[in-house]
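Everything on this sheet refers to the single structure shown next.
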């Protein structure tokens, strides 16, 4: 029962134009590759979250893992995924701390047509033995769902 940054509709005309342009380009890309448009949108959301993470002071506190990492290594999707797996390093492993960090990352403004809603971030322990924390990103209908599981002390 966790949720994370939802996408909000943008208010300014300039932002709406950027969003519309990006969605149109992603639709064209999906059609040309024969891919599901919602999956392409989800991948874009994950990429833009990773961009925000990379620019944040927390970039060294998370390591990429899972299917997204394999895609990065090979350039090919091994299995469709709607989530982003991150391993937390140097964190206290509390849900509250990870929620705060994810909210801060989501609040980072970028001119990429995406606005994450930091207030929608909720964390939940998903694997007690491994102290995983999860934050997921359901959409408002304009983009695909994205989950951002984060683990601490993962083995």
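In the numbering used here, the protein residues as written are 390 to 544.
The beta carbon of each residue, even a glycine, is placed where N, CA and C say it ideally should be.
By the DSSP assignment, the beta strand (DSSP E) with residue i in it spans what residues?
i: residue 452; result: 451-454
i: residue 512; result: 512-514
Relative to the alpha-carbon of residue i, which residue among the options has its alpha-carbon at the smallest distance?
i: residue 480; options: 488, 474 and 473; result: 488
i: residue 445; options: 426, 497, 509 and 452; result: 497
i: residue 490; options: 441, 434 and 430; result: 441
i: residue 514; options: 494, 439 and 483; result: 483
i: residue 434; options: 451, 475, 512 and 471; result: 471
i: residue 443; options: 510, 421 and 475; result: 475
i: residue 485; options: 510, 495 and 420; result: 510
i: residue 430; options: 449, 419 and 447; result: 419
For residue i, report the span of its alpha helix (DSSP H) as first-last.
i: residue 473; result: First-last for residue 473: undefined, no H or E at that position.
i: residue 489; result: 484-495
i: residue 436; result: 426-444
Just verifying my parser: in three-state terms, what is the DSSP assignment at residue i?
i: residue 481; result: coil
i: residue 412; result: helix
Within 7 Å: the Cβ of residue i and any heavy atom of the ligand NAP?
i: residue 450; result: The ligand NAP is absent from the structure shown, which contains no ligands of any kind.
Query raised in the report: Does the count of Cβ pairs from the stretch 490-505 and the stretch 405-423 closer than 8 Å reach three?
Result: yes
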